[in-house]
Each structure stands twice: as C-alpha cells, then as structure tokens.
Amino acid sequence: MKTSLLVLLCLIFSLLVQVIALAQTNQQQFDSLTSAQFAKDGAGTVVYLSRGDQVLYQKAFGKANIELDVAMTPEHVFRLASVTKQFTAVLILMLQEQGKLSIQDDIRKYIPDFPEKKKVITIEALLTHTSGVVNYTGLPSFTDEIKLKGLSPRLLVDLVKSEPLDYDPGSDYKYSNSGYILLGYIIEQITGKSYAEFIEETIFKPLGMTHSYYDTPTRIIFGRVSGYVQRNGVYRNADYLSMSLPYAAGSLMSTAGDLQKWYNGLHNCKLLKSEIIRKAQTSFKLNDGRLTGYGYGWETGNVQGSPSVKHVGVVNGFFTYAAYLPLENLSITILRNCDTPYEPDILASKLLAVALGKPYDYKPITLKSSELEVFQGVYNIKNGRKHSVRLQDGNLMYYYLGGPKTRLVPNGKDQFLVENSLNTFKFTRDEKGIVDGFTASGTGMPSSAVRENTVLEAQPKINVSTTQLAKYTGKYQFNPGPVFEVVLENNILYGQVGNDRKELVPFDKHKFYARDLDATIVFNVDNKGTAIGLTKIQNSNMVSKKL
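Quick note, the sequence shown lines up with residues -23 to -1, 1 to 524 if you use mature numbering (1 follows the signal peptide of the UniProt record, and there is no 0).
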C-alpha cells in the first residue's frame, strides 16, 4: 500500500515538473516572439493570451503616454476600432433570439426612408459585408469638417442612403463600415435606447466588463491611453476624429482583460446559444457559392489547422487585433496606441501556435535554378487577379501585375513559404509531371490557382561595369508625371521618386527590373551608351526624357 502511494506521488511530481518546464519553455518562446516585434520605448503595446480564465501570457511594451513618459500596462484602456463589429453583430443576434428582428428582414422595415434598391438588402447582408452599400469613409461628402464635428447616427444613415450600391446584395464581398453604421441605427430603432446604453446593459454589465466603454472624448476614463502615428521614425499625436463617426462599426473602448471576459462569455453561452455563435463565426457564402472568409463580425481563419475567428481594427492613433480559437477556448489580444501598419496576424498566430503545442517551424531547403525554373508562369487565381511567378537573380518571386514582389522560399517538395508570412504554396502537377497550378494556404482562407500558357523566362542578374552604370544616372521627367531620379551608390543603381527608392537590377543590355516591385526600366542611350531617356514598364509604358 505504501509502495503504491509512493509510486503515485512520484508520478504526480514527475508530471508537475514536466508541466512547469513546458510552461517555462512557452514563456521563453512568447518573450522571444514579442520582444522581437515591439520596442521598450515609443508608443506602446499590450499582448494578452489566455485559455478560458487562465492567463497564459501578458506583457506590456512602450508608453501609454509618450509626452508624460507613462509606461504601458496590461490594464490600460484602448480604442478597439473595428473589433467593435463583433459586439454589434452579437447585439443583432441577441435581438433575433428575442424575436425582435430576423436577420433575413429587409432593412427598410427598420429604416423606412432608406431608398428602395433593385434588390432587397437584408440585415444579414449588412453583417457579412455583402450588401453593396458604399463605405461612407470613402465618400467625397465625408469631409475634414465632418471628421472634426461628427454626425449623429441618423445623419450617418443619411450620408449613405442615397448612394448607388457597389454591387447587387449577395453577389460580392466588400468590407464596408456603412453596414455596421446601419446595424447600430437599427438596434436603436428597435430598442428605443442609444447604442451605448444598450451595449452597456446587454453585454458589458452581464459579463463584468467594467473597463469597457462607448468612446466619449469628454468622459473621464481612467487608464485611457493616448494615440499616436509614426512617420519616418518620428512620433506625433494622432489627428482628432469625432468618435461619433465610427459608431457601431468602431467606437468601443476596452482592455485586454475585458476582452478575455468577452470571449469567455461567448464560449460559455452567456449571451447566445452555441449553434448561433457557430454560425456567426462561419464564413458566409455568396449567391454563386463562393466563401467570403467573413461571418457575422468576424473574419474566419485557422492556426495550424485549428479554426479561428479574428478581426483587425485601425482608427486614428490605434491598431487593434483580437483572435479566438473556439475549440480550444484560446484567445489573444494585441492592442497598440499607434496606427502605423504592421502584421499582427503573423505574431498572434505564432503565439497561439506555441500555446497549442504546434509552433510554426518552416525549414527552408536549397534548390538549383534549374529546379526553380519549372514553377515560372502566370497563374490565374480562382475569383481573383492574375499573379506571376518568375526566377530573378536566383530567387523565385511572386507578384501581380505592377505590384510588390515577394520571395517564395522552398521548404519541401513542390512547396514554398511566402517570405515574411505564414502562407505556403503547394504547387500541383499534371499527369506528365508539368506544374499546372498551386494551392495557397495559411492563416486565412485557402485559394487555388491555375497556370496559364504564358511563358516567362528567368531573369538572371548580369554584370554591368560601374562606368556604364554611371551613364544611366540623372533626372528624368515623365510627362505628365513626376521626376524620376536614377542614382548610383556602392555600385548599385537605384530609381526613386521623392523618398521612395527601389533597387534596379540589370538583366539585359540597358534593361533593369526593380528588385521588389514588378517594374522594368529600359534606358534609351546615345552612341556612347549614355542615357538620354528611359521607358518605365509597370502596368503601362511611361516614356521620359533626361533632364
């Protein structure tokens, strides 16, 4: 008996040691990933990872207020921007459960003066960004004066109601803040309460989200952080924006800890039945059967095969990200008080993968140029634009016409990692072994492409003397258009417009391609090889003369 008890205790102790060791290893991996992304100085960031009620990782970087030198903490309050949309979607679904609306209702039932369109616009179409209603932030009538003064929900509706639809409802997907503006207005019409009042009593109070608010600039909110922009390495305060404008599409504020309560509340069905939540977090299907990659207020995706829902939010001075893995009850929030673009989905997916015990571990392999050449071609992505794959200077590059280039890094048989991402391409072959397409997968919707018959030839870099390179330098005037300057530094030729500089790589006599952009420069030279003009080939041909 004593022996059995001793064995059991030893087993428990051994398991405990393993759990502690694993937790410490995970913490080290978390720290390694976040510290490489965020600086200790400048604008701040909060990273918060949890499984249910258990906090797996939380850390703050940088400053909550740069001018006052206040350090960021996980408890600080941020603007959520478009992460707000999932809250608005849940409010709509709660009203449906109460029998106060149906998401199949025509929106004119609740907004009678909304002009009748060719096709019915349903509440579901607003939820899924498939209504065709124009995005109000892109309208000429959305002036700087409005951004400062703001608009009431009614006036926001008036701003978009008479605009023509971008497409017939249900025929396409196009992200539109206007849809969620209309949803907020519908909520107010049904409940007789303001959006702010209704979300406070319906979601924030029941879930104990005591640090979540509808953003009101005049209200004293303890822990509210300042918002910044960063341009060319210099911080400045973000431009003012009346938060009456994002409204139900983006005017909520919260903390990372409160967002944990939000996801726990959804997981534990405190707001909606599980089957309704599942539908909300499932990709919507268009009339022609295409999946949009967006449900009701959430983008759909996966982390190492585990289904995920997520959303990015950007508003003056703030960049937010929240993701949730429903099956594992894992959630992550990354809140930044700076709206400078970056890729939060990559970092968040890597952190979640570590928490899953399935860290991303892509190991590159080396292929000869002759092995890479077979993948060259023009690929027609299903329901998308055409992309090219081309061997340039020993690297396989992927790009759309006139767009930026991305390197494809081989990491398996017919498989490539898209550099600086978590996306992979798996090329397919026909019965003769000839490459005929690829399947792209990553943390979002998978897609496939078919190879066309267009032949692309490799463009190996050729050697050009420094003397000859110097003959290409100078300023060139496009008419109409800007001045294009060609400069030589350290035996490398660059083309630039203003501060935008691109390296030019020689691949043929007097011909160069931009290293990271689908653009070709062909110099026109005199009998001494000195450039007298050039032609820039990018989508179209632009001819210039040397000044």
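Every residue gets a Cβ at the ideal spot worked out from N, C-alpha and C, and that includes glycine. The model shown is predicted, which means the values in this text are computed figures rather than measured ones.
Review point. Grouping DSSP H, G and I as helix and E and B as strand, with all else coil, what is Asp413?
Key: Position 436 of the sequence shown holds residue 413. The answer is strand: DSSP assigns Asp413 an E or B state.
Review point. Start and end of the beta strand (DSSP E) containing residue 576?
Key: Not covered by the structure: residue 576. The range shown for the chain is -23 to 524.
Point to revise | Through-space distance from Gly451 to Thr507, alpha-carbon basis | key: Locating residue 507 in the sequence shown gives position 530, counting from the first residue. Locating residue 451 in the sequence shown gives position 474, counting from the first residue. The alpha-carbon atoms of Thr507 and Gly451 are separated by roughly 10 angstroms.
Review point. Given that a residue counts as buried once 16 or more other Cβ atoms are within 10 Å of its Cβ, and exposed if not, what is Arg131?
Key: Taking the sequence shown and counting its residues from 1, the one referred to as residue 131 is at position 154. So Arg131 counts as exposed.
Point to revise | DSSP bridge partner residues for Arg406 (one or two, in chain order) | key: By 1-based counting over the sequence shown, the position of residue 406 is 429. DSSP lists Val412 as partners of Arg406.
Exercise for review: Let me know if Phe296 comes out buried or exposed under the rule of 16 or more other beta-carbons within 10 Å of its beta-carbon.
Suggested key: Locating residue 296 in the sequence shown gives position 319, counting from the first residue. By the 10 Å Cβ count, Phe296 comes out buried.
**Study point:** Pairwise C-alpha distance: Thr343 and Leu104
**Key:** Locating residue 104 in the sequence shown gives position 127, where the first residue counts as 1. Locating residue 343 in the sequence shown gives position 366, where the first residue counts as 1. Each residue's alpha carbon lies about 46 angstroms from the other.
Point to revise | Cβ distance (whole Å) where Ala20 is taken to contact Lys40 below 8 angstroms | key: Within the sequence shown, the letter at position 43 stands for residue 20. Within the sequence shown, the letter at position 63 stands for residue 40. Right, their Cβ atoms sit about 6 angstroms apart.
Review point. Are there three or more Cβ pairs, one per stretch, closer than 8 angstroms when the stretch 406 to 414 is compared with the stretch 323 to 335?
Key: no
Check your understanding: Thinking just about the alpha-carbon of each residue, which of Leu524, Val427, Asp135, Glu101 is nearest to the one in Lys403?
Key -> Within the sequence shown, the letter at position 426 stands for residue 403. Ranking Leu524, Val427, Asp135, Glu101 by Cα distance to Lys403 puts Val427 first.
**Study point:** Distance, Ile254 Cα to Leu243 Cα
**Key:** Here residue 243 refers to the residue found at position 266 of the sequence shown. Here residue 254 refers to the residue found at position 277 of the sequence shown. Their backbone Cα atoms lie some 7 angstroms apart in a straight line.
Exercise for review: Could you say which of Lys409, Asp407, Leu10, Asp485 lies nearest to Glu434 if we only look at CA atoms?
Suggested key: As a working mapping, residue 434 is identified with position 457 in the sequence shown. Comparing Cα positions, the closest option is Asp485.
Point to revise | Assigned secondary structure, Leu(-9) (DSSP; H/G/I helix, E/B strand, else coil) | key: One-based indexing of the sequence shown puts residue -9 at position 15. With a pLDDT of only 48 at Leu(-9), under the threshold of 50, the placement of this residue in the model should not be trusted; the figure read from the coordinates follows. Reduced to three states, the DSSP call for Leu(-9) is helix.
Check your understanding: What residues match up with Tyr490 in a beta bridge as DSSP calls it?
Key -> For the purposes of this step, residue 490 is taken as the residue at position 513 of the sequence shown. According to DSSP, which records beta bridges pairwise, Tyr490 is partnered with Val482, Thr497.
Exercise for review: Could you tell me how far apart the beta carbons of Leu482 and Lys438 are, in whole angstroms, since I believe they sit closer than 8 angstroms?
Suggested key: One-based indexing of the sequence shown puts residue 482 at position 505. One-based indexing of the sequence shown puts residue 438 at position 461. Looking at the sequence itself, residue 482 is Val, so the reference to Leu does not match. That belief holds up - the Cβ atoms of Val482 and Lys438 are roughly 5 angstroms apart, short of 8 angstroms.
**Study point:** With 16 other Cβ atoms within 10 Å as the buried cut-off, status of Val110
**Key:** As a working note, residue 110 is residue 133 in the sequence shown. Val110 should be labelled buried.
Review point. Contact between the stretch 464 to 481 and the stretch 386 to 405: three or more CB pairs below 8 angstroms?
Key: no
Exercise for review: Using DSSP bridges, identify the partner residues of Phe296.
Suggested key: Along the sequence shown, one-based indexing puts residue 296 at 319. Note: Phe296 sits in a beta bridge opposite Val291, Arg313.
Exercise for review: For Tyr152, I'd like the list of residues in its chain whose CB is within less than 6 angstroms of its CB, leaving aside the five on either flank, ordered along the chain.
Suggested key: As a working note, residue 152 is residue 175 in the sequence shown. So the list reads His106, once near-sequence residues are dropped.
**Study point:** Chain-order list of residues whose beta-carbon lies under 6 angstroms from that of Arg367 (same chain, five-residue window excluded)
**Key:** Residue 367 sits at position 390 when you count from the first residue of the sequence shown. Closer than 6 angstroms at Cβ, skipping near neighbours: Gln353, Met374, Leu433.
Check your understanding: Helix, strand or coil: which one does DSSP assign to residue 543?
Key -> What the structure shows of the chain is the stretch from -23 to 524, and residue 543 is not part of that stretch, so it cannot be assessed.
Practice item. Run the CB neighbour count on Glu252, radius 10 Å, all protein chains shown included, and call it buried at 16 or more, exposed below. Key: Numbered from 1 along the sequence shown, position 275 holds the residue referred to as residue 252. Under this definition Glu252 is an exposed residue.
**Study point:** Buried versus exposed call for Lys17 [16 or more other C-beta atoms within 10 Å across all chains shown]
**Key:** The residue labelled residue 17 in the question sits at position 40 within the sequence shown. Its Cβ having fewer than 16 others within 10 Å, Lys17 is exposed.
Check your understanding: Hey, how far is the Cα of Asn3 from the Cα of Ser308?
Key -> Within the sequence shown, residue 3 is the residue found at index 26, counting from 1. Within the sequence shown, residue 308 is the residue found at index 331, counting from 1. Between Asn3 and Ser308, the C-alpha separation is close to 16 angstroms.
Review point. Does DSSP put Ile439 in a helix, in a strand, or in coil?
Key: Within the sequence shown, the letter at position 462 stands for residue 439. Ile439: coil per DSSP, three-state reduction.
Point to revise | Euclidean distance between Cα positions of Tyr150 and Gly361 | key: Sequence index remark: in the sequence shown, residue 150 carries index 173 (1-based). Sequence index remark: in the sequence shown, residue 361 carries index 384 (1-based). Tyr150 and Gly361: Cα-Cα distance of roughly 12 angstroms.
Review point. Beta carbon of Pro89: closer than 7 angstroms to some heavy atom of the ligand SAM?
Key: Within the structure as shown, the ligand SAM is missing, as the structure has no ligands at all.
**Study point:** Whole-angstrom distance between Leu33 and Ala(-3), CA atom to CA atom
**Key:** Within the sequence shown, residue -3 is the residue found at index 21, counting from 1. Within the sequence shown, residue 33 is the residue found at index 56, counting from 1. Legend: pLDDT at Ala(-3) = 45, less than 50; position of this residue unreliable, no value from coordinates given.
Point to revise | Best match in Pro303, Thr168, Tyr205, Asp46 for proximity to Asn245 [C-alpha to C-alpha] | key: Along the sequence shown, read from residue 1 onward, the residue named residue 245 stands at position 268. Measuring from the Cα of Asn245, the nearest candidate turns out to be Pro303.
Practice item. Grab me the residues of Met95's own chain with a C-beta within less than 8 angstroms of its C-beta, minus the 5 sequence neighbours each way, in chain order. Key: Counting from 1 along the sequence shown, the entry for residue 95 is found at position 118. One point to set straight first is that residue 95 is Lys, not Met, in the sequence displayed. Counting only Cβ-Cβ distances below 8 angstroms, and skipping sequence neighbours, we find Leu142, Asp145.
Check your understanding: Does DSSP classify Lys505 as helix, strand or coil?
Key -> Here residue 505 corresponds to residue number 528 of the sequence shown, with the count starting at 1. Looking at Lys505 - three-state DSSP - the assignment turns out to be coil, as it is neither helix nor strand.
Check your understanding: What span of residues does the alpha helix (DSSP H) with Pro130 cover, start to end?
Key -> The residue you call residue 130 lines up with position 153 of the sequence shown. Note, Pro130: alpha helix (DSSP H), 130 to 138.
Point to revise | Of the residues Asp46, Leu249, Tyr339, Leu72, the one placed nearest Ile167, counting alpha carbons only | key: The residue labelled residue 167 in the question sits at position 190 within the sequence shown. Minimum Cα distance to Ile167 is reached at Leu72.
**Study point:** Close beta carbons around Asp391, own chain, < 6 angstroms, minus the five adjacent residues each side
**Key:** Here the question's residue 391 lines up with position 414 in the sequence shown. Excluding positions up to five away in sequence, the list reads Phe404.
Review point. Since Asn214 sits in a beta bridge, which residues does DSSP pair it with?
Key: As a first step, residue 214 must be located in the sequence shown, where it is residue number 237. Answer is Tyr205, bridged to Asn214.
Check your understanding: What runs of the alpha helix (DSSP H), each 4 residues or longer, lie entirely inside the stretch 232 to 274?
Key -> 233 to 244, 251 to 257
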